[in-house]
Amino acid sequence: QVQLVESGGGLVQAGGSLRLSCAASGRTFNRYNMGWFRQAPGKERELVAAISSGGSTYYADSVKGRFTISRDNTKNTVYLQMNSLKPEDTAVYYCAARMFVGGEYRYWGQGTQLTVSS
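Heads up: the sequence shown runs through residues 25 to 142, numbered per this note's numbering.
So, in structure tokens, the structure goes:
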């Protein structure tokens, strides 16, 4: 089992940058495949970016070229670097973990709010 705690959200102007962090508990973090999701008011939760235990990455088309997901297994932390932010990026961002690629994300953080002003 793993517990996840996000941090780094806040208010930023359009065009700005922010980095989200997700700290994980447990000794097997390096075995987990990690994802960043977001949910805007009135919208469904969507997968923004993911990184496998081996370091392979996935990005939603809406963030490709602007967001970068990375992980530091020595710190049990996954990051989401967000550049060129747009008002439509405003959402609650969640970190999630799953053991197997293609499996269900079983573990979730509490979320961190990002607000991008125009």
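Just so you know, even glycine gets a beta-carbon here, dropped at the ideal spot from N, CA and C.
Beta carbon of residue i nearer than 9 Å to that of residue j
i      : j      : result
Phe61  : Arg69  : yes
Gly59  : Cys119 : yes
Tyr103 : Arg55  : no
Leu138 : Ala115 : yes
Ser76  : Asn57  : yes
C-alpha gap between residue i and residue j, whole angstroms
i      : j      : result
Ala73  : Lys67  : 17 Å
Glu19  : Arg90  : Since the displayed the chain opens at 25 and closes at 142, residue 19 lies outside it and no answer follows.
Thr101 : Cys46  : 5 Å
Val29  : Ala48  : 7 Å
Val140 : Gly34  : 8 Å
Gln63  : Asp113 : 9 Å
Gly135 : Thr98  : 23 Å
Pro65  : Phe53  : 31 Å
Arg95  : Thr81  : 10 Å
Residue range of the unbroken beta strand (DSSP E) whose run includes residue i
i      : result
Gln105 : 101 to 106
Tyr82  : 81 to 83
Leu143 : Coverage of the chain is limited to positions 25 through 142, which leaves residue 143 absent and any answer about it impossible.
Val125 : Val125 -> no beta strand (DSSP E), and no H or E assigned at all.
Val87  : No beta strand (DSSP E) contains Val87, which DSSP labels as neither H nor E.
Asn54  : Per DSSP, Asn54 belongs to no beta strand (DSSP E) and is neither H nor E.
Ala48  : 42 to 48
Cβ-heavy atom distance, residue i to the ligand GTP, below 8 Å
i     : result
Asp85 : No copy of the ligand GTP appears in this structure; indeed no ligand is present at all.
From the options, residue whose alpha carbon lies closest to that of residue i
i      : options                      : result
Ala38  : Leu138, Gln27, Leu109        : Leu109
Val158 : Asn57, Met106, Thr98, Phe53  : Any property of residue 158 remains undetermined from this structure, which presents the chain solely from 25 to 142.
Leu71  : Ser142, Phe53, Tyr117, Asn97 : Tyr117
Cys25  : Thr136, Ser142, Trp132       : The amino acid occupying residue 25 in the given sequence is Gln; Cys does not appear at that position. Answer by Cα proximity: Trp132.
Thr92  : Ser41, Val36, Gln27          : Ser41
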